[in-house]
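Participant:
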Amino acid sequence: MSLADDLSQNPDDAEWSRFLEATIADFDCTTGTLHRLDLSDQHLKLVAHRGIPEQLMPIVGSIPIGKGIAGTAALRLEPVEICNLQTDTSGVAKPGAKQTNVQGSLAVPVLDGDRLCGTLGVGKLVPYDFSDEEKHRLMTLGQAIAIRLLPA
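Start counting the sequence shown at 58; every next residue gets the next number (the working numbering).
#1: Just to confirm, are residue 198 and residue 174 a CB contact at a threshold of 8 Å?
#2: Look at the alpha carbon of residue 203 and the alpha carbon of residue 181, and state the distance between them as a whole number of angstroms.
#3: Tell me whether residue 178 sits in a helix, a strand or coil according to DSSP, three-state version.
#4: Quick check: the Cα distance between residue 74 and residue 110, rounded to an integer number of angstroms?
#5: Can you tell me the Cβ-Cβ gap for residue 88 and residue 108, rounded? I've got them flagged as a contact below 8 Å.
#6: Can you tell which of 105, 160, 165 and 120 has its C-alpha closest to the C-alpha of residue 133?
#7: Would you list the residues sitting across from residue 33 in a DSSP beta bridge?
#8: Please work out which residues of its chain come closer than 7 Å, Cβ to Cβ, to residue 72, disregarding the five sequence neighbours upstream and downstream, and give them in chain order.
#9: Take the Cβ of residue 195 as the centre, count every other Cβ of all protein chains shown within 10 Å, and call the residue buried at 16 or more, exposed below.
#10: What whole-angstrom Cβ distance do residue 168 and residue 192 have, given they're in contact under 8 Å?
#11: How big is the Cα-Cα spacing for residue 61 and residue 135?
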């Protein structure tokens with residue numbers, strides 16, 4: 058049974074929050090975000106979150122494609138992982154991301170076929186290398202919710 062099975066065809070904010078909470082728990086993580094692609098400005102708009110400091114909400118609320126971990130996953134259409142966000146020098150993570158205290162981080166595009174619908178991300182408070190199986194599982198979960206993430 059997939060975590061997506063409990064979602065209605067047109068989930069409300071509370072359903073998305075429950076879905077994200079279940080996803081975070083399933084991956085033994087402490088933080089997470091779910092973003093929907095807004096075609097009008099090509100930004101990822103926050104749908105649900107957990108563990109994001111209030112001061113980061115203006116930044117996390119609307120992310121340009123190609124910026125930050127979620128934006129990079131959306132641009133590349135593939136998982137983006139950072140083993141330790143606190144010491145990362147790749148330039149993928151935005152400087153403010155360190156304020157989350159997250160270390161191991163994984164973001165995946167939410168895809169309906171090859172159409173980008175949004176992104177799904179999880180994070181741990183310890184350095185962590187996500188396995189290929191975990192990356193595949195989060196990608197598959199994203200595919201399962203993609204059509205429901207699209208605007209009505």
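We put the CB at the ideal spot given by N, CA and C, even for glycine. In this text, all values refer to a predicted model and were calculated from it rather than measured experimentally.
Facilitator: Walking through what the data contain:
#1: Taking 8 Å as the Cβ cut-off, residue 198 and residue 174 do not qualify as a contacting pair.
#2: Cα-Cα distance, rounded: 24 Å.
#3: In the structure shown, residue 178 sits in a strand (DSSP, three-state: E or B).
#4: Whole-angstrom Cα-Cα distance: 16 Å.
#5: Your pair residue 88 and residue 108 checks out as a contact, with CB atoms roughly 3 Å apart and the cut at 8 Å.
#6: Per the Cα distances, 165.
#7: Outside the modelled stretch of the chain, which goes from 58 to 209, sits residue 33, for which no answer is possible.
#8: Around residue 72: 64 and 65.
#9: Answer is buried; the Cβ neighbour count reaches 16.
#10: Not confirmed; about 13 Å, so no contact.
#11: Whole-angstrom Cα-Cα distance: 20 Å.
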